[in-house]
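Residues in the sequence shown are numbered from 526 upward in steps of one, following the working numbering.
The C-beta atom is built at its ideal place from N, Cα and C for all residues, glycine as well.
From a predicted model like this one, the values you see are computed outputs, not experimental measurements.
In what follows, a structure is listed as structure tokens, so that the remarks can point back to it.
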Amino acid sequence: MGAGRDDVFTLYDLRVEVVEGDAPMVCNHRPGDYFELRGENLSLPPGQTFPIYPLAALLPLLPAKQRPTQPNDWMTTDTDVACPDPHCGARFRITRIGERTFRHGDVTAVPLPADGAGGGG
């Protein structure tokens with residue numbers, strides 16, 4: 526497939542940072558810990574860890590946060606997510622930190638429809 530201009534799309538780069546909530550934190554994360562998501566690649570600062578349970582709770586939200594949304598959509602305005610442990614007061618702040626351009630043909634083997642309509646499955 527030839528890569529035409531019409532196969533371009535944009536995703537936001539994200540930073541997910543631990544912030545203190547209204548109760549003490551009891552899990553293995555500290556204020557200021559973070560990870561970043563660029564395209565499909567997640568990265569942590571050298572030497573830092575991130576617990577799998579809050580990561581598992583955050584993962585379903587991240588692809589939606591990467592995409593452009595309407596200004597009044599809650600996905601645009603709501604940035605803090607509670608730790609999934611009900612006894613932990615941590616919050617995870619999801620911030621859009623940049624934009625990255627991709628080409629459809631570079632990220633999938635499924636061709637775009639000839640009419641450009643998209644969709645389907």
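Asked, Found
"In terms of DSSP beta bridges, what is R616 paired with?", "V544 and A607"
"In the DSSP assignment, what residue or residues form a beta bridge with R628?", "V533"
"Can you tell me whether L587 is helix, strand or coil according to DSSP?", "helix"
"Give me the Cα-Cα distance between G547 and P638, rounded to the nearest whole angstrom.", "In the sequence as presented, Gly is not what sits at residue 547; that position holds Asp. Roughly 49 Å separates the two Cα atoms."
"Measuring CB atoms only, is the stretch 534-542 touching the stretch 555-568, in the sense that at least three cross pairs come out at less than 8 Å?", "yes"
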